[in-house]
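Working notes, beginning with the structure itself.
Shown next as structure tokens:
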């Protein structure tokens, strides 16, 4: 049969691909330039143009008239980078077999997703027996001849996870067994907890564990001009979210917290360390930070008397009401 659809439209208009979440790292952005059509496979690479004259790359197969189909499409080798678990997002269309005449018993409405791990590229060598099946992929919505006439594309999105991945990389493969399919896009990614700053402590990019029920404990390091008060910790969850913040850092003497960083104050930046006024400001800064983290003991007003000499300094607070 001919091409499944003319252009990758939905409701007559192209839908802009959504931006991926910041905790998802793309591993294989140029899939359509890197697919291997295996010997005697019925998959066809078809490029169409949208209404803005931009190319849309797809792989299509629709050999539904003959039984015993076994058509394979394989990616190039994909490095796993730091990933332990990978996710495969597929966008595709699938034809309703009931809308195709004379194909009873030969037309299918699913395809299969496979993978194999490898430490290096195999080139064009391909042995299906070495591949492990991830899942059988079915469509939530299939399209009919009427949808084609109305230029309506019922695009399906399915995500599957694979892991743990232990070798340096892997291949993905798609097996057609007699369906009318168009692969519109495939996105391969992994999740991570991104770099963040919490309570004046920095936490690096962290890869979650394969076991989704366990968290990765990460110790933070204080930002510039800050020091530990309690050991700062965060826990990296399976979905790439930081959880359960513990501990904190505080700004060093002569610095105050402003928008997540410690910045020097104009008065104390020139005071010698250990001098009475230096120690006075240190106590004042610590009390201020303590009150900010414990608002229930916040005083109703602040009255400061500073007495300065070569050897003394004092600060007074009014009693909270």
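Numbering (UniProt numbering), first residue to last: 1 to 321.
No residue lacks a Cβ here, since even glycine has one placed at the ideal position from N, Cα and C.
Nothing here was measured: the structure is a model prediction, and the numbers come from that model.
- Three or more Cβ pairs drawn from the segment 166-175 and the segment 99-116 lie within less than 8 Å of each other, which places the two stretches in contact.
- Here residue 215 has 235, 236, 237 and 243 as same chain residues with Cβ atoms under 7 Å from its own Cβ, once five neighbours each way along the sequence are excluded.
- Looking from the CA of residue 110, the closest CA among 78, 128, 48 and 156 belongs to 156.
- Taking C-alpha positions only, residue 154 is separated from residue 73 by approximately 22 Å.
- A direct Cα-Cα distance of roughly 47 Å separates residue 44 from residue 218.
- Here residue 180 is not near residue 88, since their CB atoms are 9 Å or more apart.
- Per the Cβ contact rule, the segment 127-142 is in contact with the segment 93-101 (3 or more Cβ pairs under 8 Å).
- Runs of beta strand (DSSP E) with 3 or more residues, each lying fully within the segment 48-130, are found at 55-62, 71-75, 86-94 and 110-118, listed in chain order.
- Annotated as distal: residue 178 and residue 231, with beta-carbon spacing of 9 Å or more.
- As the crow flies, the alpha-carbon of residue 85 is around 16 Å from that of residue 135.
- When the beta-carbon positions are compared, residue 197 and residue 123 stay at least 9 Å from each other.
- Annotation: the continuous beta strand (DSSP E) that includes residue 185 extends over 180-191.
- Beta-carbon to beta-carbon, residue 229 and residue 248 are separated by about 5 Å, close enough to satisfy the 8 Å threshold.
- Distance from the CA of residue 56 to the CA of residue 121, rounded to the nearest whole angstrom, comes to 27 Å.
- Looking at 186, 82 and 69, the one whose alpha-carbon comes closest to that of residue 165 is 82.
- Contact check for residue 205 against residue 224 fails: the beta carbons are separated by 9 Å or more.
- Taking the CA atoms as reference points, residue 163 sits about 41 Å from residue 101.
- Counting C-beta atoms within 10 angstroms of its own C-beta, residue 189 has 16 or more neighbours from the protein chains shown and is therefore classed as buried.
- By the Cβ neighbour-count rule, residue 47 is exposed, with fewer than 16 other Cβ atoms within 10 Å of its own.
- Going by beta carbons, residue 137 and residue 161 fall outside the 9 Å limit.
- Under DSSP, residue 216 forms a beta bridge with 236.
- The continuous beta strand (DSSP E) containing residue 245 extends over residues 242-251.
- About 5 Å separates the Cβ atoms of residue 184 and residue 58, confirming a contact at the 8 Å cut-off.
- Apart from the 5 residues on each side of it in sequence, residue 167 sits with its Cβ closer than 7 Å to the Cβ of 117, 118 and 119 in its chain, given in chain order.
- Classified as buried, residue 253 has 16 or more neighbouring CB atoms from the shown chains inside 10 Å of its CB.
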